[in-house]
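Participant: Residue numbers (this note's numbering): 33 to 300. Glycine residues also receive a C-beta, built at the ideal position from the N, C-alpha and C atoms.
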């Protein structure tokens, strides 16, 4: 007569071994948590909340004429300006200057043999920009091994970004005005001369705005500055605790059920 095993017998086999299953799960969980706490490298995360407010764009946005292309100006708009600003934040050139200025080579564990590009890439890999659709705010996250340093670097990065964009606007406005001055002397058409003069006036307004800006928030206003993180970002101990308990319990249950079935059917 062919032997059969019912579902109730399978469940009974698992319940009979519940203590062993619990002990096995606990042992695996202790190993996982122990490894996470004592051996695995801890990563911290901090964030800084920003609002884009490029002042030079506000000055020029409603005044650009058809001659903007002649001067190299491209009817500035907020979206484009913010994309460029965030591009600067994660650019190799900007990050290299930031590393050198604040002497971060040792803090980033960068060896002297590392190329400049690889130095900046190491910092770039720590930066995460989060933009929610429909929201005017942008969040810049920084992840690293030292909670104090990443908080300091986050605030410094935005300060340097604002300064960089401000200097860029000043240089651009000055260079464009030099070009426009030459174009103005060569132009005979009165209407065109008036348009050139208007472009120059816009650039002078940009220069005046930049010169008057002393609050260090030229492009980005800091809504919430970065603070030293209170907890660890990775490893996530709670998640690992839950996953290890579930999987180790499942594996142990399957093993004891298999043993019960194999004994009844005399499996190898």
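Count the other CB atoms, across all protein chains shown, that sit within 10 Å of the CB of residue 208; report buried if there are 16 or more and exposed otherwise.
Facilitator: Looking up residue 208 in the chain shown gives position 176. Buried, since its Cβ has 16 or more Cβ neighbours within 10 Å.
Participant: Whether or not the segment 149–167 and the segment 216–234 are in contact is what I'm after, with contact meaning three or more pairs of Cβ atoms, one per stretch, closer than 8 Å; do they touch?
Facilitator: As far as the Cβ criterion goes, the segment 216–234 does not touch the segment 149–167, which means the pair count is below three.
Participant: Roughly how far, in whole angstroms, is the beta-carbon of residue 80 from the beta-carbon of residue 190, given that I think they are within contact range, below 8 Å?
Facilitator: Against the chain shown, residue 80 aligns to sequence position 48. Against the chain shown, residue 190 aligns to sequence position 158. About 6 Å separates the two Cβ atoms, so the contact holds.
Participant: Which term fits residue 78, buried or exposed, when burial requires 16 or more other beta carbons within 10 angstroms of its beta carbon?
Facilitator: Residue mapping note: residue 78 aligns to position 46 of the chain shown, counting from 1. With 16 or more other Cβ atoms within 10 Å, it is buried.
Participant: Would you say residue 186 and residue 258 are within 8 Å of each other, going by their C-beta atoms?
Facilitator: As a working mapping, residue 186 is identified with position 154 in the chain shown. As a working mapping, residue 258 is identified with position 226 in the chain shown. Contact flag set, yes.
Participant: Here's a check: name, in chain order, each residue in its chain whose Cβ is nearer than 8 Å to the Cβ of residue 180, leaving out the five neighbours to either side.
Facilitator: Translated into positions along the chain shown, residue 180 becomes position 148. Here the set comprises 260.
Participant: Taking only three categories from DSSP, how would you classify residue 218?
Facilitator: If you number the chain shown from 1, residue 218 lands on position 186. Reduced to three states, the DSSP call for residue 218 is helix.
Participant: Excluding sequence positions up to five away, which residues of its chain have a Cβ less than 7 Å from the Cβ of residue 163?
Facilitator: As a first step, residue 163 is located in the chain shown; it is residue number 131 there, counting from the start. 170, listed in sequence order.
Participant: What is the rounded straight-line gap between the Cα of residue 262 and the Cα of residue 289?
Facilitator: Counting from one through the chain shown, the residue named residue 262 turns up at place 230. Counting from one through the chain shown, the residue named residue 289 turns up at place 257. Approximately 44 Å between the Cα atoms of the pair.
Participant: For residue 282, which residues in the same chain have their Cβ closer than 7 Å to its Cβ, ignoring the five residues on either side in sequence?
Facilitator: Here residue 282 refers to the residue found at position 250 when the chain shown is read from its first residue. Here the set comprises nothing.
Participant: Pick out whichever of 284, 272, 286 has its Cα sitting closest to the Cα of residue 64.
Facilitator: Looking up residue 64 in the chain shown gives position 32. Residue 64 has its Cα closest to that of 272, out of 284, 272, 286.
Participant: Report the partner residues of residue 171 according to the DSSP bridge assignment.
Facilitator: Position 139 of the chain shown, counted from the start, is the residue given in the question as residue 171. 81, 162, per the DSSP bridge assignment.
Participant: Look at residue 252 and residue 198 and say whether their C-beta atoms are less than 8 Å apart.
Facilitator: Here residue 252 refers to the residue found at position 220 of the chain shown. Here residue 198 refers to the residue found at position 166 of the chain shown. No, the Cβ-Cβ distance between residue 252 and residue 198 is not below 8 Å.
Participant: Checking contacts by CB at 8 Å: is residue 236 closer than that to chain C?
Facilitator: The question asks about chain C, but that chain is absent: this structure has only one protein chain.
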